[in-house]
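Residues in the sequence shown are numbered from 9 upward in steps of one, following my numbering.
Input: a single structure, listed below in structure tokens.
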Amino acid sequence: VVHRMLVFIILKARMATMLLVVFSVLLLPGIDSLPLSENNILQLSQRSLGTTACIDQMIVITFTSGVANANSNGNFHLEIRVNGVTYVAEFGASEKSISGGNLWKFNTSTDFQGLPSCVTKREIEEIAIEEYTNDAWNIQSVLTVVKAGKDYELATVDMDASQWIDGDESFPTALRRFELNLVM
């Protein structure tokens, strides 16, 4: 059922366009290469890393919305909950307003303090973005991809979310913590 829903979502014009942009970004020099084709994009949502593949990297791709004051240079964290324990990694200090989106790579062995050395995709119970300051950020869309060796797989998809994240929740619809939709 989940795979059918993903195929439907991916076939939406906006989603397909966004995924092409995302995977084009992944092909930039210095970033591990990922073969780019329509079939590979569809397969990315259908693949399974299996129960024993250890995730070595999490890639977060965000697109800031176009509304006023949507960008931010606040203090944001990526949180993952594994077996009931939450682990935190800091987003880089760069402002979150780059046209077309941002891409962050988190190394699971160094960026998440205390994270067990081998975490599989199936062990991830939750992925969230949280802010600890009061400089709000409006995320239009966000994708999370996990990498195990040379294999990539979608972990979260939040399209057209237009979600405000703000440490002091001063915006009427703002959340301090934005829990992403797992694709597991």
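Yeah, the Cβ is synthetic: ideal placement off N, Cα and C, and Gly gets one too.
Practice prompt. Report buried or exposed for glutamate 161, applying the criterion of at least 16 other Cβ atoms within 10 angstroms of its Cβ.
Written response: On the sequence shown, residue 161 is found 153 positions in, with the first residue counted as 1. When all chains shown are included, glutamate 161 counts as buried.
Worksheet item: Expressed to the nearest angstrom, what Euclidean distance is found between the alpha-carbon atoms of asparagine 110 and isoleucine 137?
Response: If you number the sequence shown from 1, residue 110 lands on position 102. If you number the sequence shown from 1, residue 137 lands on position 129. Taking the straight line joining both Cα atoms gives about 14 angstroms.
Discussion item. Per DSSP, what are the beta-bridge partners of methionine 66 in this structure?
Written reply: Position 58 of the sequence shown, counting from 1, holds the residue named residue 66. Per DSSP, Phe114, Val154.
Worksheet item: In angstroms, rounded to a whole number, what distance separates the CA positions of isoleucine 67 and alanine 61?
Response: Along the sequence shown, one-based indexing puts residue 67 at 59. Along the sequence shown, one-based indexing puts residue 61 at 53. Between isoleucine 67 and alanine 61, the C-alpha separation is close to 16 angstroms.
Discussion item. With a threshold of 7 angstroms on Cβ separation, who are the neighbours of threonine 141 within its own chain once the five nearest residues in sequence on each side are excluded?
Written reply: Working through the sequence shown from its first residue, we reach residue 141 at position 133. Gly82, Asn83, Gly175, listed in sequence order.
Fill in: Given isoleucine 132 as reference, the closest of Ser149, Val154, Ser80 once Cα atoms are compared
One-based indexing of the sequence shown puts residue 132 at position 124. Checked all of Ser149, Val154, Ser80; the closest Cα to isoleucine 132 is Val154.
Worksheet entry | The beta strand (DSSP E) enclosing arginine 89, as first and last residue numbers | The residue you call residue 89 lines up with position 81 of the sequence shown. Run containing arginine 89: 84 to 90, per the beta strand (DSSP E) assignment.
Item to complete: In angstroms with no decimal places, state the Cα-to-Cα distance between histidine 85 and lysine 158.
Response: Position 77 of the sequence shown, counted from the start, is the residue given in the question as residue 85. Position 150 of the sequence shown, counted from the start, is the residue given in the question as residue 158. Going by the C-alpha atoms only, they are around 26 angstroms apart.
Worksheet item: Which of helix, strand or coil does DSSP assign to arginine 184?
Response: Stepping through the sequence shown from its first residue, residue 184 is reached at position 176. Arginine 184 falls in the coil class under three-state DSSP.
Worksheet item: At which residues does the beta strand (DSSP E) containing valine 93 begin and terminate?
Response: As a position in the sequence shown, residue 93 is number 85, starting the count at 1. Its beta strand (DSSP E) spans residues 93 to 98.
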